[in-house]
Amino acid sequence: MRKFVAAAFAVLMLAPGSLWAACAYDNQTEIKSFSAGFQAWKSVTDAMAECGNFQAVLDQEFDQKHVEAFSANPSLYHIGGVANSSLVPLLNNDLIRPLDDLVAKYGSHLSDAQLIRKDGKIVAIAMMVNAKHLMYRQDIFEELGIAEPKNYDDVLAVAEALKQAGVVEYPMGATWKAGSNIGLSFIDYFLGEGGTFINDDNTPNINNEMGMAVLERMGKLKEYMDPEILVSDSTYVQQQFQQGKIAMANLWATRAGAMDNPDESTVVGKVAMASAAKGAVRPASTLWWDGIVIAANISDEEAEAAFQVAMEGMDTEMVQANNSDAIWLIEGYAPGRFSAGASATAANGALPYPASVPMGILFNVLGSGLPAFITGEKDAATTLADIETEYLVAAREEGLIQ
Amino acid sequence: MKFRVFLGFIAPSMFLMLVFIAFPLVSVFIQSFYTTTTVYENVEVESCTPGFGTTTCITETVAQPLKDENGDLVTETSFVGLESYKNILRLEEAFSDFSWSSLMAIDFWKALRFTLVFTLVTLPLAIGLGLLIALAVNNFTQRLRGQIIFISLLPFIITPVIGALSIRWLFIGDGILTAFLEWWLEMDIAMFAQAWTIELMMMFYRVWHVAPFAFVVFYAGLQTVNNDTLESAVIDGANRFERLRYVIIPHLMPLIVFISLIHLMDSYRVFEEIVGFSSQSYVISLQWLTYEFLTLDESGTRSIERASANSMMTMIGIVIILIPLLQKTWRDHKARIL
Chain A
1 MRKFVAAAFA VLMLAPGSLW AACAYDNQTE IKSFSAGFQA WKSVTDAMAE
51 CGNFQAVLDQ EFDQKHVEAF SANPSLYHIG GVANSSLVPL LNNDLIRPLD
101 DLVAKYGSHL SDAQLIRKDG KIVAIAMMVN AKHLMYRQDI FEELGIAEPK
151 NYDDVLAVAE ALKQAGVVEY PMGATWKAGS NIGLSFIDYF LGEGGTFIND
201 DNTPNINNEM GMAVLERMGK LKEYMDPEIL VSDSTYVQQQ FQQGKIAMAN
251 LWATRAGAMD NPDESTVVGK VAMASAAKGA VRPASTLWWD GIVIAANISD
301 EEAEAAFQVA MEGMDTEMVQ ANNSDAIWLI EGYAPGRFSA GASATAANGA
351 LPYPASVPMG ILFNVLGSGL PAFITGEKDA ATTLADIETE YLVAAREEGL
401 IQ
Chain B
1 MKFRVFLGFI APSMFLMLVF IAFPLVSVFI QSFYTTTTVY ENVEVESCTP
51 GFGTTTCITE TVAQPLKDEN GDLVTETSFV GLESYKNILR LEEAFSDFSW
101 SSLMAIDFWK ALRFTLVFTL VTLPLAIGLG LLIALAVNNF TQRLRGQIIF
151 ISLLPFIITP VIGALSIRWL FIGDGILTAF LEWWLEMDIA MFAQAWTIEL
201 MMMFYRVWHV APFAFVVFYA GLQTVNNDTL ESAVIDGANR FERLRYVIIP
251 HLMPLIVFIS LIHLMDSYRV FEEIVGFSSQ SYVISLQWLT YEFLTLDESG
301 TRSIERASAN SMMTMIGIVI ILIPLLQKTW RDHKARIL
C-alpha cells in the first residue's frame, strides 16, 4: 500500500512538468479565474492551467456572483469571463481595469475584432461570438419539398406544412423557458421588427403596436410547439432535435455541434444551419460575445501575470484543439458547417444585444411577465401593460427615472 | 429552579436568537420603509462589438451611474413609507373590478393564493397519512417493524430539492410515468402544460416528503397509549374505529397540534417545489417572490425594498395562520394549570 501511495505521489509530482510543456513559460504568480461554465470556457481555462499556479472556477450562475467577487479588495479572482451583458455592472462599478498597456505589451497578435472598447479604452478581450440561428431538419424539408424559411411568414407556413405532414411530434421548438430564455426570445423578435427598447428618458418602449405584433406572432408560433414550451431551455430544445421530435428551432450556435454527436443524436448530418428568420427589418436574433476582463482590485504585477496566462489560454493552439466548441475570434479558427448559421445571421444584419442598466431591468421583467401570455392567463395588451408597470417600479427603485 | 440559574441556562440561546433572528428581522422591517437609488446620468458612449470578421461600433446614449471623486457610486437613501408595500400589493388594480382574474394578475395575490391552498390542503393529508402509517406499523408483527420504519422514513431523508427534481424527471416531457399514463389512458398527457397538474404534483410531493416526520412522532405517541383504557374500551364493546376516535386520537391530540404548527410554518414558506418543478410560469409562492426580488438581473440590480416588504408580509401571514392553533395551545395550557 505504501509503495502504491509513493508511486501515485511520484506520478502527481511529475504530471505538472509534462502539462506545462504546452505553455510557453512557467507562471509563478497565483492566478484565479471566474467564468461561466460552458464547454468553450472549459477549453480555455484548461489551456490557461497549463502554465501552472492557476485555478479556474466555472459557474453557470456566474452573473449572480461576479460583482460581489470582484468588489472585494483584493478581488477574489484575477481573470473574469464575461459576455456583453455581464460586462455592464463590472464597468459601472469600476471593477475592471483598462487593458491598453497590457495589450501593447503582450497582445500584439490579437485581432482588432477581439478588442472590446468603451470610450476609447480597451476593457475586455473577446474570444468567441455566439448567436441563435435557425436549425432545421434538411431531410424532412427536402422530402416534403419545403424551402428554407427566410422570414416569419415563411416560418408559420412551414410549421403548418410540417403539422399537416405529421412527420414529427411538434413542428417547432424554441427556447421559451420562463425567465431569461423567453425574455431573450422576445428581445430577438422585437429587434427583428426594428424596435428600440428604451427611450432617452429611460422609459420602456415596448407597450406599443410593435410589441403587440410580436406577442401576436408568439401566440401563433405557440400552436406549433410542445405544450410544455415554458420549461424548454437550450438543452431541452437540443435534445428534442437529437431525438427527432422537432423539425426546426432557433438555437444557439454553440449547440450546433451536438446535432452531429453520434453518442446522443439520432439525426447526425441531417440538421442544416441557416440564418435566423427575419422580422420586418432584420434577423430575429442577437449577437453575443464572450471574453476576459482583468480585475481592478489587484496589484499591477498580478494583473500582468494574469493577462499573460489569459493570452496563453486564448492562443491558436487551444483553438486548433477545440475548433468545434465555439465560433472563436482567435487566429487559427477554421469556420465550418456549425458556424455557418451564425455567420449568415450576422451577415444578414442581426444586431448585438444592446446591453445597459435599463435594458437589464427590462430583460428581467420580460422574462417573468411573458409566461402569463403564453399560458393564456393574460391577453397581449394586459401582458405588455403589466411588464411596463413592473419595469417602471424597478427603474424608479434603481433611480433611473424620477 | 432559581431565576438566576434559569437565566444562566437560557442566556446563550437567547443571545443567539437575538443576533440571528430578532436583529435581522428588525433590520428587514426598517429596510422595507426605505429605498436606495443610484444617481444616473445620460451620456453618449461609443461601444464596439466584435462581429463575424468585422467590428461594429455604435455611439448611443446610455444611462450611466454617477461617481464621486473617490470613484464610488453616488447613492441616495430616502424614507418612502409604505411605497414598497404598495408596489407589491397593488391594491387599486387588484380590487379595481373585484374580479378574480384581475386579482390573480398581480404576483403577490397569485402567490398568496397558491401558498394558502398548498398549506391548507397538505396539512390534513400529511397528518392523516402519517397517522395511517403509524397505526399500520404499530399493528405489524414485531419482526418486520424495523425494516418498515426504515423504508417509510426514506422520503424524509432525501434533500427536498433533490426529491422534487426526481419527481419532476418522472413526469416532464415523456418521462416514464407520463409515458405510462399515456399508454394506460390512451391519451396525450403534458403534466407541465397547465397549473393544476403541477400543483397536484407539488402537493403530492410535499405530503410524500413530510408524512414520515408525522409518522415518527405519532408512532412514538402510540407507544404511550394506556393499554388499560384500550382494554376497557374493548370490553365496553367499542370497535376498532371507535377506539381510534375516542381513545387514541384524544391521546395524540397534543402531538397533532405540534405537527400542525410545524407543518403550517414549513409549508407557508414553500420554495423548493417551485425550484424543483420549475413551475414559476404557472405557480409561484410568497417565498419565491422574495427570492425573485433578490435575484440580480443582467445589469446587476435587485430590489431589496420589495424583497423586504414581501418578507414582512410573509411573516405577518404565518402569524395569522398560526393564531388559532396557538390560541388552542394557550387554552389547554391554562386549563392544565388551573
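Chains A and B are the protein sequences, given in the same order. According to my numbering, the first sequence holds residues 1 to 402 in order. According to my numbering, the second sequence holds residues 1 to 338 in order. Every residue gets a Cβ at the ideal spot worked out from N, C-alpha and C, and that includes glycine.
| Item | Value |
| --- | --- |
| C-beta neighbour in chain A for B:V161, strict 9 Å | no |
| 8 Å CB neighbourhood of A:E216 in its chain, flanking five on each side removed | A380 |
| CB-CB length for B:A214 against B:I127, believed under 8 Å | 6 Å |
| contact_flag[the stretch 198-206 of chain A, the stretch 250-259 of chain A] where n(CB pairs < 8 Å) is 3 or more | no |
| Host beta strand (DSSP E) of B:V45 (start-end) | Y40 to P50 |
| Any C-beta of chain B under 9 Å from that of A:V393 | yes |
| Cutoff 9 Å: A:N167 Cβ touching any chain B Cβ | Position check: residue 167 of chain A holds Val in this sequence, whereas Asn was assumed. No - not a single Cβ of chain B is within 9 Å of the one on A:V167. |
| Cβ neighbour criterion (16 or more within 10 Å) applied to A:I327 | buried |
| Whole-angstrom distance between A:E50 and A:A8, CA atom to CA atom | Note that A:A8 has pLDDT 47, beneath the 50 cutoff, so the model's placement of it is unreliable and the number below is only indicative. Near 20 Å, if we compare the C-alpha coordinates of A:E50 and A:A8. |
| Beta-carbon gap between A:N297 and A:L90 smaller than 9 Å | no |
| Sequence-distant residues of the same chain with beta carbon closer than 6 Å to A:M210, five excluded per side | E193 and G195 |
| Beta strand (DSSP E) segment containing A:N130, residue limits | K121 to R137 |
| Chain-ordered residues of the stretch 97-117 of chain A with a beta carbon less than 9 Å from chain B | S111, D112, A113, Q114, L115, I116 and R117 |
| Within the stretch 49-128 of chain B, ranges of the beta strand (DSSP E) (whole runs, at least 3 residues) | 55-65 and 75-79 |
| Cα-Cα separation, A:A21 to A:M318 | Residue confidence for A:A21 is low, a pLDDT of 47 falling below 50, so the modelled location carries little weight; the figure read from the coordinates is stated next. Near 13 Å, if we compare the C-alpha coordinates of A:M318 and A:A21. |
| Range of the contiguous alpha helix (DSSP H) that encloses A:Y106 | D100 to Y106 |
| A:D154 and A:T286 closer than 9 Å at C-beta | no |
| Extent of the continuous alpha helix (DSSP H) run through B:F150 | Q142 to I157 |
| Classification of B:R245 by the beta-carbon crowding that lies within 10 angstroms, buried from 16 upward | exposed |
| Residue environment, B:P324, which counts as buried when at least 16 other CB atoms sit within 10 Å | exposed |
| Partner residues on chain B for A:I361, Cβ-Cβ distance less than 9 Å | D297, E298, S299 and T301 |
| Cβ of A:R396 within 9 Å of any chain B Cβ | yes |
| Spatial distance of B:E93 from B:N87 (CA atoms) | 11 Å |
| Proximity of B:V210 and B:H251 at Cβ, strictly below 9 Å | no |
| Spatially closest choice to A:T45 from A:V268, A:Q308 and A:A147, by CA coordinates | A:Q308 |
| C-beta neighbour in chain B for A:L230, strict 9 Å | yes |
| Partner residues on chain B for A:P371, Cβ-Cβ distance less than 7 Å | S281 |
| Selection from A:N199, A:E143 and A:F62 that minimises the alpha carbon distance to A:F38 | A:F62 |
| B:A335: contacting residues in chain A (beta-carbon distance under 8 Å) | Simply none; closest approach about 49 Å. |
| Unbroken alpha helix (DSSP H) run spanning A:W176, endpoints | Counting along the chain, A:W176 falls outside any alpha helix (DSSP H), and DSSP gives it neither H nor E. |
| is_contact[A:Q64, chain B] using C-beta, thresh 9 Å | yes |
| Check whether A:D200 and B:T61 have beta carbons under 9 Å apart | yes |
| Residues near A:F373 in its chain [Cβ-Cβ closer than 8 Å; skip 5 each side] | L215, M218, G219, D379, A380 and T383 |
| DSSP three-state assignment for A:K118, whether helix, strand or coil | strand |
| Below-9 Å beta-carbon distance, A:L329 vs any chain B residue | yes |
| Nearest to A:D101 (by Cα), restricted to the options A:K132, A:E223, A:A395 and A:E304 | A:E304 |
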